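Read through the structure below, which is laid out as structure tokens, and then see the notes.
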Ligand SMILES: Cc1cc2nc3c(=O)[nH]c(=O)nc-3n(C[C@H](O)[C@H](O)[C@H](O)COP(=O)(O)OP(=O)(O)OC[C@H]3O[C@@H](n4cnc5c(N)ncnc54)[C@H](O)[C@@H]3O)c2cc1C
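Residue numbers (this note's numbering): 671 to 1089.
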């Protein structure tokens, strides 16, 4: 019997195994179980194939439950992650947003570093192509595989991920295992995903990228929920791009608390100028471009189709009309629309398109210091399976590594105490 079994060979499970290997007395065996034929498939898809493995600005504020996350991050933070990979021989770089990547710009670098480290540990055994269907608590843990085989464990770490991008392995079966053990699963929503919108004109904006400040509002009381700047990508029926992904996490977190909540978004498409500066600029633009057709008035401010959408929304007659004929009140309307382009949110894009899961095992049932279950002794959790989600930008892999470290260490110290 392996002393410690870890279900899930994603980043959190691999980190848990490597940490346990350092802390466990060497005669104790660790078994890492993965349902896919290969470990860490999802890592290959991360960061657009480049793996944004942490962020130099990481702290608890990037997570839905900061006080819980802090206790874990305090034990293993982004600097620990960077030096962990440095020790595995991975050169790294960070961009202007603090996002860290392997110097090779290739996510397989990170996965291979983890795999080679696992292979070099004599007390870790890996079992792939092996799906756990059921866990029974009986003075220890009995794991039942999809083919009916049974494995016994003294201590168990469940690191099965959430339910986003199921094709990569995390199909939500970890939640079933946790439920077998009487744990509560909160509402689940896709996060870090594009935001579906009701606005019909998006079909004509498909593919347009724009720098914007994006503000998310509660439709019921018009309260501002969050405001972030960055690049948005207009799609047929949705808003995408990094800043929209960040906003999607806030939609998911609010829905998690109140599923009836509805939202709208305002885009400030010229956030480098305030309203007055923008109006002055448009006056000057009118003066210098008098004989240009109104249809092209916003050339140089936003791309053409977005310009037309703004003119239409501002109810400006733009066909066969010259810029010199725009009156001051019309310029004000255009400025107002550029700074307050309203978008009606209908939904979040589904789990299959999402990078992470908002919701998971209730944190009320987990000790943040050790990540041990409060319901069962010697049962621990790591990674996305818990009700913790981070913003886009390397914060979810950081959570996977931090929680993998904490669960692997605390499970090992407890085993050592008992032996
Ligand atoms: C397309 C994409 C891009 C992303 N990019 C980034 C990024 O750049 N930066 C970032 O920080 N985050 C990113 N993320 C999020 C990040 O990848 C996840 O948050 C992270 O992988 C979660 O780690 P985990 O170990 O908890 O779960 P997972 O990575 O989901 O791993 C869980 C593992 O458990 C296995 N498993 C599940 N159930 C069972 C079972 N019953 N029996 C056996 N094995 C099981 C699964 O096959 C899987 O390998 C991205 C996600 C996606 C989908």
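Ideal Cβ positions, reconstructed from N, Cα and C, are used throughout, including at glycine.
All of these numbers come straight from a predicted model, not from anything done at the bench.
Going by CA-CA distance only, name the one from the options that's closest to residue i.
i	options	result
residue 971	998, 1009, 789 and 893	1009
residue 832	856, 814, 851 and 813	856
residue 950	695, 853 and 999	999
residue 865	1018, 957 and 800	1018
residue 770	810, 1013, 945 and 721	721
residue 1081	1063, 907, 1046 and 881	1046
residue 1087	804, 824 and 755	824
residue 708	681, 1055 and 745	681
residue 739	1083, 988 and 1056	1056
residue 898	920, 889 and 878	920
residue 905	836, 875 and 849	875
residue 719	778, 754, 955 and 908	778
residue 711	1041, 678, 880 and 974	678
residue 787	801, 810, 759 and 767	759
On the criterion of 16 or more Cβ atoms from any shown chain inside 10 Å, does residue i qualify as buried, or is it exposed?
i	result
residue 923	buried
residue 1065	buried
residue 676	buried
residue 957	exposed
residue 749	exposed
residue 839	buried
residue 929	exposed
residue 763	exposed
residue 756	exposed
residue 873	exposed
residue 765	exposed
If I measure Cβ to Cβ from residue i and keep anything under 7 Å in the same chain, skipping five residues before and after, which residues do I get?
i	result
residue 894	885 and 887
residue 689	1074, 1075, 1078 and 1079
residue 1039	741
residue 699	672, 673, 793 and 795
residue 869	1013 and 1014
residue 952	1001, 1004 and 1005
In the DSSP assignment, find the unbroken alpha helix (DSSP H) run with residue i in it and report its ends.
i	result
residue 1089	That residue, residue 1089, is in no alpha helix (DSSP H); it is neither H nor E in DSSP.
residue 932	Per DSSP, residue 932 belongs to no alpha helix (DSSP H) and is neither H nor E.
residue 736	736–743
residue 686	681–693
residue 946	945–958
residue 748	748–757
residue 977	974–983
Would you kindly report the start and end of the unbroken beta strand (DSSP E) that includes residue i?
i	result
residue 702	700–703
residue 770	769–772
residue 1017	1011–1018
residue 786	Here residue 786 belongs to no beta strand (DSSP E); instead the alpha helix (DSSP H) covers 777–789.
residue 878	Per DSSP, residue 878 belongs to no beta strand (DSSP E) and is neither H nor E.
residue 822	820–828
residue 909	908–910
residue 714	Element bounds for residue 714: not the beta strand (DSSP E) but the alpha helix (DSSP H), 711–715.
residue 940	It is not in any beta strand (DSSP E) - residue 940 carries neither H nor E in the DSSP assignment.
residue 796	794–797
Near residue i, which residues of its chain fall below 6 Å by C-beta distance, leaving aside the five closest residues on each side in sequence?
i	result
residue 782	none
residue 799	707
residue 1021	833, 834 and 860
Leaving out five residues before and five after residue i in sequence, what residues of the same chain have Cβ atoms less than 8 Å from its Cβ?
i	result
residue 851	805, 807, 1043, 1045, 1046 and 1049
residue 1033	735, 738, 1056, 1057 and 1058
residue 848	828, 855, 1031, 1051 and 1055
residue 693	1078, 1079, 1082, 1083 and 1086
Handout entry: Contained beta strand (DSSP E) runs [length at least 3] in the stretch 833–865, N- to C-terminal order
Key = Those beta strand (DSSP E) runs which fall completely within the stretch 833–865 and span 3+ residues are 859–861.
Practice task
Counting only runs of 4+ residues fully inside the stretch 1022–1064, write out the alpha helix (DSSP H) ranges in chain order.
Solution key: The qualifying runs do not exist here; there are none.
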